[in-house]
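A short worksheet on the structure shown next.
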DNA sequence: TTGTATGCGTTATCAT
DNA sequence: ATGATAACGCATACAA
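Chains as they are written, first to last, in the numbering used here: chain A, 4 to 377; chain B, 4 to 377.
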């Protein structure tokens, strides 16, 4: 493709314009009459350089529009200043918030984010994992289905990894949402409102978040009223459509539940649509609650009671954790961290009557959210 | 930090276990008794290698878990097989769909996606742009505010770029949504239903998408009824909250509009909440329509009439365009492409009466969507 | 078909 | 404070 340039003809080369491929450090050196070492020093600021030289170099670099070549630099320093982020095929809002949180911290520390999304099967995830060697300094893996040992087997040796909302495995840092606690609190809340027949719309089977929320729901109800009946759990897949179908199913149950708790807001909204389509008043004839507190939940009619999760913070903390691991090097000790949730009570569960437009939820915090410094 | 290993002690080294830093091509060469060149050849498959040798190499590579080092490879092939994606601080669903579309195509062709999100100001965008040299082979830039010339000034020389929904500038490939056409069609649709007083909730000023939608709205109404009145345009920022505020404002207008067209669905949903909070029936007392057709719009009450945009396809096409540019090299000719939209008529505009749950929209296509091969 | 040697652009280790 | 130069891990032109 590209012809090699003989280095034995420096005179000829000297008269050529800057290479199409981009200016190199050598050209800056030539332009300033300094050595490449000095240019490098100025750039990295590690070693002492005379102020005058410094300015000269900076000026020349700017003029020639030179930016150090990432790959070349990586080859030497053994660091790419890239982090990989592996995400599952996930629904809307979640995804962007996570990335936003990660990227915020990453950029602040001079890192770039390499994403890889929509991993359906495991072997695909593993391929991507392997392809990461020499491209990233660490990875954040969010796969509600992959097991820790599969991860370990496919991760390039010594590549730090942080598990996000996965099944926590030893040998890794991990960070996750208190799915269990949030669902537990919501179940208790609904019980506290007097509901004895509460239906649950579950998330996809095999999904860790989904299972934890289910557990929380069960335990919460059990604590209140004893063993919940199995038929009050309807299957869903975290999508609106599945919530809609679940809503219809629930209306056919007998005795009919008086409240529905969906494992996420998307399904709750789908369910709401089904209930309204059937002429069932929410919350008067049926209370409804979700999980995630996505932005839109404040604007449904009635506004949706939900479990608040700070997704952006989840991403940010994962990134910070990864940076710590990077800094610690071999001496790093793995930790597991759980992010707390809080109940957001709006009108859909019947605990509050519509005040104004019902848009400024009063929050009943189960545990305090760990604040993120900005 | 890391001690250098003297290459003058090969015997000593031979007995050492694999380096902590990762296996290199040399170790595979040593293990197979072949030269590094041969290893490289089987890996890249460009040059002929004896089948037997090939197998031996592959086996050794697998056993040693060797994966070529990205940076090293990039340094002499001049390609990273990474593409950069610059995204603005954008709302939820949009973001994930775009990335999904891009990543789908990228992975299929062996590329990785480097994202950078949440760019508020221009200088930040420019910094990121510059830092991309040697890290990516091309970029997809989505900045509704940056001008083409700022881009050109900060892009590493010769780095192909595709503009996504930006102000189209010459010297770049670009691809965008037919914002104007979609908004025009919606304005005509509302007019066709008999609405003579239609309010518009605008997007953020300076945002290209927003402005185009506004133009389309104006022209569509003008074509129908003559010059629309200025006060029927209310400012918003694409967020739900701003739609809510706009909804309240609109209710104070006199004479009161009979229909509202929001520049995106998030604002339409906020507006819906405001209308319902004020006891105004939708669509009977006020028709409502949005733009984007986000998944949730099918599940609002009433379901929202909107302009459908295939976001995932937008990302996919941008990526394909970039790959074409990469393949063409210097001989590439820039093109501008516009993705068509289609009207999705649901109940919020009053054109249909609630059938069932109102969930299966009949589509009136303005122009055919260009299908993407799968 | 395979091996040898060189260069990719940078940082780091020596000197000076 | 600065310069010369050897790595870094790989791909390729060239020789065999």
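The beta carbon of each residue, even a glycine, is placed where N, CA and C say it ideally should be.
Residue i CB to nearest heavy atom of the ligand ZN below 7 Å
i, result
"residue 249(B)", "Ligands in the displayed structure: none, and consequently the ligand ZN is not present."
Proximal residues of chain B, C-beta to C-beta of residue i below 8 Å
i, result
"residue 323(A)", "Under the 8 Å cutoff, chain B gives no residues; its nearest Cβ is about 17 Å from residue 323(A)."
"residue 115(A)", "117, 119, 134 and 138"
"residue 106(A)", "118, 119, 120 and 121"
When the options are compared against residue i, the one with the closest alpha-carbon
i, options, result
"residue 316(A)", "191(A), 329(A), 334(A) and 344(A)", "344(A)"
"residue 99(B)", "326(B), 324(B) and 314(B)", "314(B)"
"residue 270(A)", "240(B), 155(B) and 301(B)", "301(B)"
"residue 165(A)", "175(A), 158(A) and 157(A)", "175(A)"
"residue 293(A)", "204(A), 228(A) and 214(A)", "204(A)"
"residue 213(B)", "252(B), 249(B), 230(B) and 265(B)", "265(B)"
"residue 240(B)", "268(B), 162(B), 168(B) and 184(B)", "268(B)"
"residue 280(B)", "197(B), 106(B) and 251(B)", "251(B)"
"residue 56(B)", "70(B), 32(B), 71(B) and 179(B)", "32(B)"
"residue 106(A)", "349(A), 326(A) and 330(A)", "326(A)"
"residue 335(A)", "161(A), 235(A) and 351(A)", "161(A)"
"residue 324(B)", "349(B), 179(B) and 228(B)", "179(B)"
"residue 284(B)", "258(B), 309(B), 254(B) and 310(B)", "254(B)"
"residue 145(B)", "221(B), 349(B), 322(B) and 330(B)", "322(B)"
"residue 184(A)", "349(A), 217(A), 53(A) and 258(A)", "217(A)"
"residue 341(B)", "215(B), 135(B) and 65(B)", "215(B)"
Within chain A, partners of residue i - CB distance below 9 Å
i, result
"residue 2(B)", "There is no way to answer for residue 2(B), as the model of chain B reaches only from 4 to 377."
"residue 353(B)", "Under the 9 Å cutoff, chain A gives no residues; its nearest Cβ is about 17 Å from residue 353(B)."
"residue 243(B)", "298, 299, 301 and 302"
Per-residue contacts from residue i into chain B (C-beta, under 9 Å)
i, result
"residue 75(A)", "74, 77, 78 and 137"
"residue 272(A)", "299, 302 and 303"
Residue i vs residue j beta-carbon contact at 8 Å
i, j, result
"residue 347(A)", "residue 296(A)", "yes"
"residue 243(A)", "residue 298(B)", "yes"
"residue 102(A)", "residue 319(A)", "no"
"residue 186(B)", "residue 256(B)", "no"
"residue 86(A)", "residue 118(B)", "no"
"residue 61(B)", "residue 142(B)", "no"
"residue 163(A)", "residue 333(A)", "no"
"residue 353(B)", "residue 260(B)", "no"
"residue 73(A)", "residue 137(B)", "yes"
"residue 351(B)", "residue 278(B)", "no"
"residue 219(B)", "residue 182(B)", "yes"
"residue 82(A)", "residue 140(A)", "yes"
Own chain partners of residue i with C-beta closer than 6 Å, once the 5 adjacent residues on each side are dropped
i, result
"residue 28(B)", "39 and 42"
"residue 223(B)", "187, 190 and 191"
"residue 34(A)", "63"
"residue 276(B)", "247"
"residue 238(A)", "205"
"residue 289(A)", "278 and 283"
"residue 331(B)", "none"
Neighbouring residues, chain A, relative to residue i (Cβ below 7 Å)
i, result
"residue 279(B)", "304"
"residue 83(B)", "74"
Cutoff 7 Å; reference residue i; Cβ partners in own chain excluding five residues on either side
i, result
"residue 15(B)", "Low confidence applies to residue 15(B): its pLDDT is 31, below 50, so where it sits in the model is not reliable enough to give any reading."
"residue 68(B)", "26"
"residue 372(A)", "Bear in mind that a pLDDT of 28 at residue 372(A), under 50, signals an unreliable position, so the number given afterwards is only what the model happens to contain. Correct list, in chain order: 313, 343 and 345."
"residue 126(B)", "none"
"residue 96(B)", "297 and 298"
"residue 207(A)", "213, 240 and 241"
"residue 211(B)", "147, 168, 169 and 170"
"residue 309(A)", "268, 292, 293, 294, 295, 296, 300 and 347"
"residue 228(A)", "194 and 199"
Close beta carbons around residue i, own chain, < 8 Å, minus the five adjacent residues each side
i, result
"residue 272(A)", "243, 246, 293, 299, 300, 303 and 307"
"residue 21(A)", "Interpretation of residue 21(A) is limited by its pLDDT of 32, a score under 50 that renders its predicted location unreliable; the figure taken from the coordinates is listed afterwards. 30 and 67, listed in sequence order."
"residue 196(B)", "262, 290, 352, 353 and 354"
Under 8 Å from the C-beta of residue i: neighbouring residues of chain A
i, result
"residue 43(B)", "Those within 8 Å of residue 43(B) in chain A number zero; the least Cβ separation is about 15 Å."
"residue 214(B)", "Those do not exist, as residue 214(B) stays about 23 Å from chain A at its closest Cβ, beyond 8 Å."
"residue 25(B)", "136, 137, 159, 160 and 161"
Is the number of C-beta pairs between the segment 153-165 of chain A and the segment 126-136 of chain A that are closer than 8 Å three or more?
-> yes
Stretch-stretch touch, CB-based, cutoff 8 Å, three pairs: the segment 99-116 of chain B with the segment 43-58 of chain A | no
Does the segment 71-86 of chain A come within contact of the segment 71-79 of chain B, defined as at least 3 CB pairs closer than 8 Å?
-> yes
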